[in-house]
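What follows is a short report on a single structure.
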Amino acid sequence: GEKGKNARGHLIVVEGLDRSGKTTQCHMLCEDIGGLDKEFKYIKFPDRTTATGQMINAYLQGNAEQSDQAIHLLFSANRWEAVQGILNDLRAGHTVVVDRYAFSGTVYSAAKDNPSMSLEWCWNPDIGLPKPDLVLFLDISSEDAAKRGGYGEERYEKQEMQAKVRALFKHLFSRLNDLNVKTINAGLPLQEVADQIWQAYKNLDEAGPLTEDLQVLS
Ligand code: NYM
2 GEKGKNARGH LIVVEGLDRS GKTTQCHMLC EDIGGLDKEF KYIKFPDRTT
52 ATGQMINAYL QGNAEQSDQA IHLLFSANRW EAVQGILNDL RAGHTVVVDR
102 YAFSGTVYSA AKDNPSMSLE WCWNPDIGLP KPDLVLFLDI SSEDAAKRGG
152 YGEERYEKQE MQAKVRALFK HLFSRLNDLN VKTINAGLPL QEVADQIWQA
202 YKNLDEAGPL TEDLQVLS
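Rendered as structure tokens:
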């Protein structure tokens, strides 16, 4: 359909465990959006290229230590520093596809079971970030994820941690009830997952141009 001049782009977030196929699916989604002759932008968090991203990368690879609180806030800062760029793209009418976001930020930190970091505490620094129009949660059991060639060498890539993260994702999404979350069985074959993601995107796109202002996470 014709896009109104003031229509903003959609903000779409893809979330899930390590090895759930997020990055592959983001690329397939972007390719299909581009195929409709629409402009899109792909963003991945953590963005390891920035100053905060380099600190996060060193932490994840085991080359630097950080307190649980400090690394949590660095992950959040790594999103906050990207906000103006995301808003500019959305206002230009581009679809923005985001690979991990505040939801990963909250559940990976909460899964550490640090008694001073409740789920609420972990969510707090991301309050005010642009709110996605659609969250695609690629759900896979930690057992099935582990079968996909095994986890890597980074921090958090252990099955016990992943099982906690999965439970916390479900808990967090059940609590954020004004959020548009679509859970997709990521244990299905690649193309079936891609088809379901595409259907969810089409539903959003066919609902018509977005003229209202973007909301924020609360
Ligand atoms: N991660 C990712 C967090 O702990 N907090 C965050 O805010 C984000 C965005 O970083 N195991 C974790 C999840 C992953 C790790 O992500 C690196 P990726 O998508 O593998 O680069």
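Quick note on numbering: the sequence shown equals residues 2 to 219 in full-length UniProt numbering. Glycine residues also receive a C-beta, built at the ideal position from the N, C-alpha and C atoms. Just so we're clear, the structure is a prediction, and the values are computed from it rather than from any experiment.
Worksheet item: Do you know how far the Cα of V166 is from the Cα of D114?
Response: 11 angstroms
Worksheet entry | Selection from F46, E193, A93 and I72 that minimises the alpha carbon distance to A8 | A93
Fill in: Element boundaries [alpha helix (DSSP H), containing V84]
V84 to R92
Discussion item. Given this structure, state the Cα-to-Cα distance separating S119 from P131, to the nearest angstrom.
Written reply: 22 angstroms
Worksheet item: Does the ligand NYM have a heavy atom nearer than 7 angstroms to the CB of Y152?
Response: no
Worksheet entry | Contact belief for H172 with C123 at Cβ below 8 angstroms, rounded distance in angstroms | 12 angstroms between Cβ atoms; not a contact.
Worksheet item: Is R101 near the ligand ADP, going by C-beta to nearest heavy atom under 7 angstroms?
Response: Within the structure as shown, the ligand ADP is missing, the only ligands being the ligand NYM.
Item to complete: Mind checking which residues open and close the beta strand (DSSP E) that includes L135?
Response: L135 to D140
Item to complete: Taking only the alpha-carbon atoms, compute the straight-line gap between A201 and E161 and give it to the nearest angstrom.
Response: 31 angstroms
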